[in-house]
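Participant:
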Ligand SMILES: [Zn+2]
């Protein structure tokens, strides 16, 4: 077994009907409604995550909602037989990280769109499109319990935004800021933010900090080269930089700050 497979799942309650599950490869969230349960992000463990979730609830499962298609969020989808994701996430989800050996790959995908509402029984979840780190990214706004799930587009470690510097419309700092402003416009509808890595829950003022951080980068405040960190298991791409405002960090590339 590799290090990932060795990890055990742990669950911690964030609210009386919301768990964060760690050990999956990301922070996965189990949401319980009055009628069904839904998982946000299935991680990349080869252990059966659904069996673990069933130790926490007897509810039937509506499936998984993926915040985006990256393998560390989607490779466990098959345990749940059904996954909901943005159309631009499907290709990444099906590919995983290349080697699919040992992962459950047999599951149905249903695509979601901006503004779509899931109701799992007196609990409404709204899809908000926020692609930048990944073009297939969505936030999920729990309108009933006032929680915003942000995947990899906003977290307290660092957001990775096209560090390779290859032009890709949407994968820019300018667009990341546009998305953060979209979340800011909904500020009075959530109290906490639950990201997919590096600690949860976090204060919603991170949204403000990321808007300022994106603006600093667009205004030409010089970034730093200190990107290597234990949380990034790869070499720093040539030219990639880090910038921060307070505790909000972004790793980016000077070629892909603006949309043009
Ligand atoms: Zn990601």
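Residue numbers (the working numbering): 226 to 485.
For glycine and all other residues, C-beta sits at the position ideal for the given N, C-alpha and C.
Remember, predicted model here, so these are calculated numbers, not experimental data.
1. Are there 16 or more other CB atoms within 10 angstroms of the CB of residue 338, so buried, or fewer, so exposed?
2. Look at the alpha carbon of residue 406 and the alpha carbon of residue 336, and state the distance between them as a whole number of angstroms.
3. Please confirm if the stretch 470 to 478 is in contact with the stretch 431 to 446, defined as three or more CB-CB distances below 8 Å between the two stretches.
4. Please tell me whether residue 376 and residue 292 are closer than 7 Å, where the distance is taken between their beta carbons.
5. Report the rounded CA-to-CA distance for residue 384 versus residue 378, giving the unit in angstroms.
6. For residue 238, which residues from the same chain have a beta carbon less than 7 Å from its beta carbon, with the 5 sequence-adjacent residues on both sides left out?
7. Whose beta carbon lies closer than 6 Å to any heavy atom of ligand 1, going through the chain in order?
8. Excluding the five sequence neighbours on either side, which residues of its own chain have a C-beta within less than 8 Å of the C-beta of residue 370, listed in chain order?
9. Can you give the Cα-Cα distance for residue 233 and residue 253, rounded to whole angstroms?
10. Give a yes or no on whether the C-beta atoms belonging to residue 486 and residue 294 are separated by under 7 Å.
11. In terms of residues, what are the limits of the alpha helix (DSSP H) holding residue 275?
12. What number of angstroms, rounded off, separates the C-alpha of residue 332 from the C-alpha of residue 257?
13. Cβ of residue 318 within 6 Å of any heavy atom in ligand 3?
14. Within its chain, find whatever has a CB closer than 6 Å to the CB of residue 226; leave out the 5 residues flanking it on each side and keep chain order.
15. Nearest CA to the CA of residue 465: which residue from 473, 451, 471 and 472?
16. By the three-class DSSP mapping on this structure, what secondary structure does residue 226 have?
Facilitator: Checking against the coordinates, here is how it stands:
1. Mapped onto the chain shown, residue 338 falls at position 113. Per the 10 Å Cβ criterion, exposed.
2. Here residue 406 refers to the residue found at position 181 of the chain shown. Here residue 336 refers to the residue found at position 111 of the chain shown. Distance between the alpha carbons of residue 406 and residue 336: 24 Å.
3. yes
4. Position 151 of the chain shown, counted from the first residue, corresponds to residue 376. Position 67 of the chain shown, counted from the first residue, corresponds to residue 292. In contact: residue 376 and residue 292 (Cβ atoms closer than 7 Å).
5. Here residue 384 is taken as the residue at index 159 of the chain shown, counted from 1. Here residue 378 is taken as the residue at index 153 of the chain shown, counted from 1. Cα to Cα, residue 384 sits roughly 6 Å from residue 378.
6. Stepping through the chain shown from its first residue, residue 238 is reached at position 13. Correct list, in chain order: 244.
7. 293, 295, 358, 359 and 377
8. Walking along the chain shown from the start, residue 370 turns up at place 145. Result list for residue 370: 240, 242, 243 and 348, in chain order.
9. If you number the chain shown from 1, residue 233 lands on position 8. If you number the chain shown from 1, residue 253 lands on position 28. If I take the Cα positions, the gap works out to 13 Å.
10. Nothing can be reported for residue 486: it is not among the residues displayed for the chain, which extend from 226 to 485.
11. The sequence position of residue 275 within the chain shown is 50, counting from 1. That run of the alpha helix (DSSP H) goes 274 to 278.
12. Here residue 332 refers to the residue found at position 107 when the chain shown is read from its first residue. Here residue 257 refers to the residue found at position 32 when the chain shown is read from its first residue. So the two alpha carbons sit approximately 21 Å from each other.
13. Of the ligands this structure carries, namely ligand 1, none is ligand 3.
14. Residue 226 sits at position 1 when you count from the first residue of the chain shown. Confidence in residue 226 is poor, its pLDDT being 44 and thus under 50, which makes the residue's placement unreliable; the coordinate value appears in the next sentence. Answer for residue 226: no residue qualifies.
15. Residue numbering aside, residue 465 sits at position 240 when the chain shown is read from its first letter. Selected option, being the one with the closest Cα: 451.
16. Here residue 226 is taken as the residue at index 1 of the chain shown, counted from 1. With a pLDDT of 44 at residue 226, under the threshold of 50, the predicted position of this residue should be treated as unreliable, though the coordinate-derived value follows. Reduced to three states, the DSSP call for residue 226 is coil.
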